[in-house]
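FYI, the UniProt record's numbering numbers position 51 of the sequence shown as 51, with every residue one higher than the one before it. Worksheet: one structure, shown below.
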Amino acid sequence: MENYVISLKNIAKSYNGYFALNNISLDFEYGVIAGIVGPNGAGKSTLMKIISGLIPHYSGVVEVDGIENPSFFERVEKISFLPEDLILYPSFKVREFVNFVEESAGKSFDELKLALGINSVLDKHIFSLSKGYKQRLKLFFALANDKRIILLDEPFDGFDPIQLIEIIDFLKNENKRGRTFVISIHDLNNAEKVCNYFVLLKNGKIVEKGDLNFLCEKYKVQNCSLEEVFIEALK
């Protein structure tokens, strides 16, 4: 395989005869912000969990940062994964949760806390937070480390428009610092705002992939947008 941060070859995963992923081959370059988009049930979350190692049994080859079919622990060393269904500790105060994450990482992340706006709610219980602030804590959990490969499964759920702008800007800055992002996302407008490479899945297969300019040229979309490409590609 070429020198990609993540490379997938002939990945398949089935449940009771139904293929959640069907012979997926895909490469992600270092430094990309890749958006995995597609209808519900397309296989987005399954793909993310296979890359992260949360789904250990599948066919095909996964290569992460030059390691072919790495063990779960080898993946954990290189990848930080935020699953959509991550459960926070509701009885914890935010400060307790933050301390737990920082102690696990062996360092503090003051700049990250400031960027995510967590300092203003440190003395609140997690159960009392709005959905947007709970999502900020989840992002803190995913980003409070030195790992260069970040997988985010539906990370923007619960943010209001202003919060969303702040979070997207923050992720782009993290990308400029050398982090690679693979983001599963259902909202095409948000995907277009943050990502510079797109993979369109449907029924467990890759329908299309590429950057937005390439996709718009391929499908002759005059007013170039991911939504228009999505419509044309699924016809």
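Ideal Cβ placement from N, Cα and C applies to all residues, glycine included.
Proximity to R148 across G178, K131, K138 and L137 peaks at G178, based on C-alpha coordinates. Nearest to N196 by alpha-carbon distance, out of G35, D123 and K218, is G35. Here N190 is buried, its C-beta having at least 16 other C-beta atoms within 10 Å.
Per DSSP, E96 is not a residue of any beta strand (DSSP E); the alpha helix (DSSP H) it occupies stretches across V94 to A105.
Secondary structure note for F19: its beta strand (DSSP E) is the uninterrupted segment Y18 to F28.
In the DSSP assignment, D153 is bridged to S184. Cβ contact annotation for E192 (same chain, cutoff 6 Å, sequence separation greater than five): L226, in chain order.
Cβ neighbours of E228 within its own chain (closer than 8 Å, five residues either side excluded): C216, Y219 and V221.
With fewer than 16 neighbouring CB atoms inside 10 Å of its own CB, F127 falls in the exposed class. In the structure shown, the three-state DSSP call for E63 is strand.
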